[in-house]
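The structure under discussion appears below in the form of structure tokens.
Number of protein chains: 4
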Amino acid sequence: MIKAGIIGSTGYVGEELIRILLRHPQVEIIKMTSKSFSGKVYSDVYQSYLGLCEIECTDEEVEQVAIEVDVIFMALPHGIASKNLNDAVLAQTKVIDLGADFRLTNKEVYEDWYSTEHHNAELLKNAVYGLCEWNREEIRKTSLVANPGCYPTCSILSLAPLLKEGILEKDSIIIDAKSGISGAGRSLNLGTHFAECNESIKAYKVATHRHIPEIEQQLEEISGGTINISFTPHLVPMNRGILITTYGRLTEIVSYEEISTIYNKYYGEEFFIRLMNKDIYPETRWVKGSNYCDIGFVIDERTNRVIIVGAIDNLVKGAAGQAVQNMNIMFGLDERMGLTGIPLVR
Amino acid sequence: MIKAGIIGSTGYVGEELIRILLRHPQVEIIKMTSKSFSGKVYSDVYQSYLGLCEIECTDEEVEQVAIEVDVIFMALPHGIASKNLNDAVLAQTKVIDLGADFRLTNKEVYEDWYSTEHHNAELLKNAVYGLCEWNREEIRKTSLVANPGCYPTCSILSLAPLLKEGILEKDSIIIDAKSGISGAGRSLNLGTHFAECNESIKAYKVATHRHIPEIEQQLEEISGGTINISFTPHLVPMNRGILITTYGRLTEIVSYEEISTIYNKYYGEEFFIRLMNKDIYPETRWVKGSNYCDIGFVIDERTNRVIIVGAIDNLVKGAAGQAVQNMNIMFGLDERMGLTGIPLVR
Amino acid sequence: MIKAGIIGSTGYVGEELIRILLRHPQVEIIKMTSKSFSGKVYSDVYQSYLGLCEIECTDEEVEQVAIEVDVIFMALPHGIASKNLNDAVLAQTKVIDLGADFRLTNKEVYEDWYSTEHHNAELLKNAVYGLCEWNREEIRKTSLVANPGCYPTCSILSLAPLLKEGILEKDSIIIDAKSGISGAGRSLNLGTHFAECNESIKAYKVATHRHIPEIEQQLEEISGGTINISFTPHLVPMNRGILITTYGRLTEIVSYEEISTIYNKYYGEEFFIRLMNKDIYPETRWVKGSNYCDIGFVIDERTNRVIIVGAIDNLVKGAAGQAVQNMNIMFGLDERMGLTGIPLVR
Amino acid sequence: MIKAGIIGSTGYVGEELIRILLRHPQVEIIKMTSKSFSGKVYSDVYQSYLGLCEIECTDEEVEQVAIEVDVIFMALPHGIASKNLNDAVLAQTKVIDLGADFRLTNKEVYEDWYSTEHHNAELLKNAVYGLCEWNREEIRKTSLVANPGCYPTCSILSLAPLLKEGILEKDSIIIDAKSGISGAGRSLNLGTHFAECNESIKAYKVATHRHIPEIEQQLEEISGGTINISFTPHLVPMNRGILITTYGRLTEIVSYEEISTIYNKYYGEEFFIRLMNKDIYPETRWVKGSNYCDIGFVIDERTNRVIIVGAIDNLVKGAAGQAVQNMNIMFGLDERMGLTGIPLVR
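One line per chain: the protein sequences are A, B, C and D, in this order. With our numbering as the guide, the letters of the first sequence map in order to residues 57 to 402. With our numbering as the guide, the letters of the second sequence map in order to residues 57 to 402. With our numbering as the guide, the letters of the third sequence map in order to residues 57 to 402. With our numbering as the guide, the letters of the fourth sequence map in order to residues 57 to 402.
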């Protein structure tokens, strides 16, 4: 059994990790930390775990936890993981960081977009960007995975095959993203107070969201060229789910079948990526509670663009599920282990 | 492996059965029928099953299906099961009927409340009311289970211990029930059209709902006396969940601890019933997607009433989950098999 | 023109007052105060008012505001109005307090239920309980109205005629209440964080809610006897609306028509109370955004109870709308003035 | 008083017309027709109108209604208005058609996108596209207004000033649209059944929606050149509201202030168009229930695009409200009459 520790266990991503790991046949949760609920039994924080998880939350530091576990999941806001991780910790345990600290390979880009100092630039080169379907081999070998952001996961999975094959104009990419409100986390905020966001949709951080450099970095790496995207995230009055609508100009006239062939080339064998049939588009409910990423597309012949629609559950494939998928890869397990739950459509 | 057939597989209860049974380690789904989607592959009806369930829906009759399977789940409106079941079918397969036809032991009561003729009164005596926690032994022996209604499941589980112990005045019971909208099924109806029920709550079938005789019959059997309840169901703008708020006058002055002891006497060992700590009340989210029934209560000293709050997922413990629990009992399996998923809180 | 000041203008009740008063033909808003948003223009707090209300919020005290206005609306948590009001203020301006400080006539009852000291017991005798349909004459004469709570408004309007006519057993009253989430106000709280209350229903403060003594006091005054109710409020995942389901045992056998006659006797001429036709029950959407209170009922013959369903918009008839109705009465205006907007059903 | 008739009064757009017209100081509703509810009093169809609108729905034809009224609002699916309107009708009454039949000036384009024959091509030249802020003068003179579609209203208002000033590349326009579910109307449909669309977002009719030629036609007329847009509508789980996120490449480098100046040039005096302050983006709640169109934008310097966010209430500015605004113009009334209600934010 793999001994796991979760740093930041009572946020939404932490809770999702526990939901998955408690039913993972090869994992035992040894530690769960929480600054806010230290000393509380988990089922007192979330009544849903009554009888299912009576572990007490502690406020131990990463270094302490590292001694006792084989893998640490860090589900914290950016800026904390980089302070707490070091070679000593990584010598003792594998780490999957669900925050942003190790996603950007360039320290300056990080500091620029996150308006903060990076405390651990030397570790950046150790970190592997944990987009499983694209970086599987590197993930297998590393002890530090930077788990991708929710929007980047769905955006990159949607775009990467077409960019890699060179059929999209690189300066034409527009990503219009829609997220359920759990994406904003559990911290109290007027914008996510029920009567302030229910029955309304809004755009936020238009053209300035911190996931922009993350998406661009990965797409550039995959396609080998400079990519500047326009990216607009929106908040949708629902608990879960991300839908990404992506627009790109085709470099030449291609058929539906040709693009379909490209997607199949990269994803045909991928368990967690499902390619929709023609004229079917993903809906977030079809992936709710699951680790799937659904992708559909259409060629807009009048404008010679391809419009791709991707859907994930922001808390699963967009966070905790992908983290467990990464763990499975890192430990040489079947990648699907613990992640085969069927979507809870409604 | 138990071979299972599902009659009426594309309604909400049917879909929930398939979600559970596909991950049940001892079950193989052999047949799924659907009048409306006959000939369609299941993942064309629900895209969530893409790659997970590519079985084709047929419109075979119960008699045909019975030949090939060990257990039949009937997820149909009332009036159909009683027409299709007979001794020949029951000689070939076990049947769990999720409709109302075999829940009421008295044919006249059925015909009165359902305004229809009962086609199969002689089978009524074979049927066992499948409220697992109370009728486990009979369920084990029968080949025909009448799976309880959603409101009755939560209502009876909430009230039975106190009535059995005789501490409630039998003519004082009031059940105020709230249900998510999936309880109304998948058939199109103005009342469940999104813009007609979203952002609103309403009572319906006040004092006339067909679950009333079902609840009364079971409570009378358990407590041994005549019981007439007032019952008001309400529709709440959410997908899933039933919350039952029950009021009963205490026959004598009892303490919180005494009532707590009673609940523990009946449910202390029950895996699927969770008794809340003092001052904690169930919320439907704590059981979402799971087979749990959560129960909390308070003594309203000023009025000498006990107020009990119970919560279930209407599609799981209130339908498909309890049906699988019944199947597990009928086949001598661990009652929890296939049903240990953790609630999907949000 | 009546000059109005609003103390606590940026909470949900304050905002609703401004929405109504801005379109009231006889009112001019002179002052709006806000501790949190002092110095901000109103349309910066609520973008909906862009171009409609560019008044700056101040943090002036009640005494200062009183000098400049004819009427003050106090939309503050309990405990503040009683500290700020005094004879000097009431000599200068009429006051409608939307908080709880002047609703209970008995200081001890207030202090007991609200766990706080009452700072102004001598003013209690001046205050008139502003349930317009029942206390119109006293309201006309007073300068201090205690605007009823949201649950009490709907509960008392539902029950009062039947209790006054003596056809309900006084110890049999059970009120099961359901409220939209705006009822919890704008202050941040985990319980009203979107992903914590969306898609779920829960009971809270069961048998202990502070509106209990308020309801009992009024019902006792109207019916002339001791009344102890059981009261359970629930939070429903919608922005607005209160639905009250009330159960009472009939003292004798009465017909639907007899009860209908009673309701008509008291409410037949009331503009803001709408009696539903037989077999029609109120839904909160039918009153959304309006000052109506809809009432329907059924006789549960099997139990000899009457079940009454009442619906209001918690922010309008349950708060700001009724406050304006009170103002209209106090100033001798047509009671309906500014309140004839049609419900915004969806 | 203007005598008004509403053809198709019980759909969502019809209901919204009645909500507005009942409070319009210069209008009297004389006729309301409904095929489905003919013979029913309006408050039996919508209980919200109890005591407010007791007019009986008839199934009279347009020709009959035309005799008795000064203005007819047609709130019907496409294909019906063109069959029922003719010179005789237009000689008797003004007509505002809220369907699609008279929006496209080119018969072939209509027949192509709507896959149906146009029955009344000769009337096309009489019709004026009723986008008030751009076609006010023509509207004033016509007796037949084609009321714009919901998506086109918000899209065109967002884009027109910038296209007219020539600062957008004409082949670069992408419109990503999000609509509340009332936009799909009141007809029953699996896609708008509560438990099928709640808690989920989806794209639909990607690159094939019938509002595409309508938007292009108007933008071409305003900008004087060929425009092909990519347009993706999405369904959002909320009752009302449209949010339009528009992307366009700038022909040159311009500043925020320059674009702001352009918007002010066209909309600075427009009552119903509200330009947001810098860094503020519209949210649909800010316009709910009102006739406002809110517009905000940002320059995405990294890609030299402008991203414009527009919001309207699909049933008001996107349908009934704009229709009444058109009526006001046609009858020489103050354009704002009956339309000054304040948004019902929650």
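Idealized CB from N, CA, C, for every residue including glycine.
- Short of 6 angstroms from the beta carbon of asparagine 140 of chain D, and not among the five residues preceding or following it, lie these beta carbons of its own chain, in chain order: Val118.
- Excluding residues up to 5 positions away in sequence, nothing lies with its Cβ nearer than 7 angstroms to the Cβ of serine 311 of chain A in the same chain.
- Taking every protein chain shown into account, the CB of serine 92 of chain A has fewer than 16 other CB atoms within 10 angstroms, so this residue is exposed.
- Judged by their CB atoms, proline 289 of chain A and alanine 233 of chain A are nearer to each other than the 8 angstroms cut-off.
- The alpha-carbon of leucine 218 of chain A is positioned some 12 angstroms away from that of tyrosine 323 of chain A.
- Within the region 247-277 of chain A, contact with chain B at the beta-carbon level (separation under 9 angstroms) is assigned to Asn254 and Glu255.
- Distance from lysine 258 of chain B to glutamate 339 of chain C at the Cβ level is roughly 4 angstroms; contact confirmed, criterion being Cβ atoms closer than 8 angstroms.
- The C-alpha of leucine 106 of chain C lies about 16 angstroms from the C-alpha of serine 65 of chain C.
- Scanning A/Asn182, A/Glu164 and A/Ala183 for the CA closest to the CA of histidine 174 of chain A turns up A/Glu164.
- If you draw a straight line from the Cα of aspartate 390 of chain A to the Cα of glutamate 193 of chain A, it is about 14 angstroms long.
- Between isoleucine 223 of chain B and chain D, the shortest Cβ-Cβ separation is not below 8 angstroms.
- Scanning its chain for C-beta atoms nearer than 6 angstroms, with the 5 sequence neighbours on each side dropped, one finds around valine 365 of chain B the residues Thr301, Tyr337, Pro338 and Gly352, in chain order.
- Distances from the CA of alanine 202 of chain B to each of B/Ala375, B/Arg79 and B/His249 were compared; the closest alpha carbon is that of B/Ala375.
- An exposed status is given to isoleucine 309 of chain D, since fewer than 16 other beta-carbon atoms sit within 10 Å of its beta-carbon.
- Per DSSP, reduced to three states, the secondary structure at aspartate 335 of chain C is coil, with no helix or strand assignment.
- Residue range 83-89 is occupied by the beta strand (DSSP E) that includes threonine 89 of chain D.
- If you draw a straight line from the Cα of valine 121 of chain C to the Cα of methionine 130 of chain C, it comes to about 11 angstroms.
- In this structure arginine 330 of chain C is buried. Its beta-carbon is surrounded by 16 or more other beta-carbon atoms within 10 angstroms.
- Classified as buried, aspartate 369 of chain C has 16 or more neighbouring CB atoms from the shown chains inside 10 Å of its CB.
- Asn295 and Arg296: these are the residues of the region 275-300 of chain A whose beta carbon lies less than 8 angstroms from some beta carbon of chain B, given in chain order.
- Each residue's CA atom was taken as its position, placing serine 138 of chain D and lysine 150 of chain D some 15 angstroms apart.
- When Cβ pairs closer than 8 angstroms are counted between the two stretches, the region 277-295 of chain D is seen to touch the region 221-231 of chain D, the count reaching three or more.
- For isoleucine 237 of chain B, the secondary structure class from DSSP, reduced to helix, strand or coil, is helix.
- Counting other Cβ atoms within 10 Å of its Cβ, leucine 179 of chain C reaches 16 or more and is therefore classed as buried.
- The Cβ-Cβ distance between threonine 359 of chain A and glutamate 225 of chain A does not fall below 8 angstroms.
- Scanning C/Glu167, C/Trp169 and C/Asp157 for the CA closest to the CA of valine 184 of chain C turns up C/Asp157.
- A Cβ-Cβ contact shorter than 8 angstroms links leucine 154 of chain A with valine 69 of chain A.
- Interface annotation for the region 88-111 of chain B against chain A: Asp100, Tyr102, Gln103, Ser104, Tyr105, Leu106, Gly107, Leu108 and Cys109, criterion Cβ-Cβ distance under 9 angstroms.
- With a contact defined as Cβ atoms closer than 8 angstroms, glutamate 270 of chain D and leucine 160 of chain D qualify at about 6 angstroms.
- Per DSSP, reduced to three states, the secondary structure at serine 199 of chain B is coil, with no helix or strand assignment.
- Counting along the chain, the unbroken beta strand (DSSP E) around proline 289 of chain B starts and ends at 286-291.
- For threonine 302 of chain D, the uninterrupted beta strand (DSSP E) segment begins and ends at 298-305.
- Distance between glutamate 84 of chain D and threonine 198 of chain D, taken at the CA atoms: about 21 angstroms.
- Lysine 87 of chain C is classed as buried because its beta carbon has at least 16 other beta carbons within 10 Å across all chains shown.
- According to the DSSP secondary-structure assignment, isoleucine 58 of chain C is paired through a beta bridge with C/Val83.
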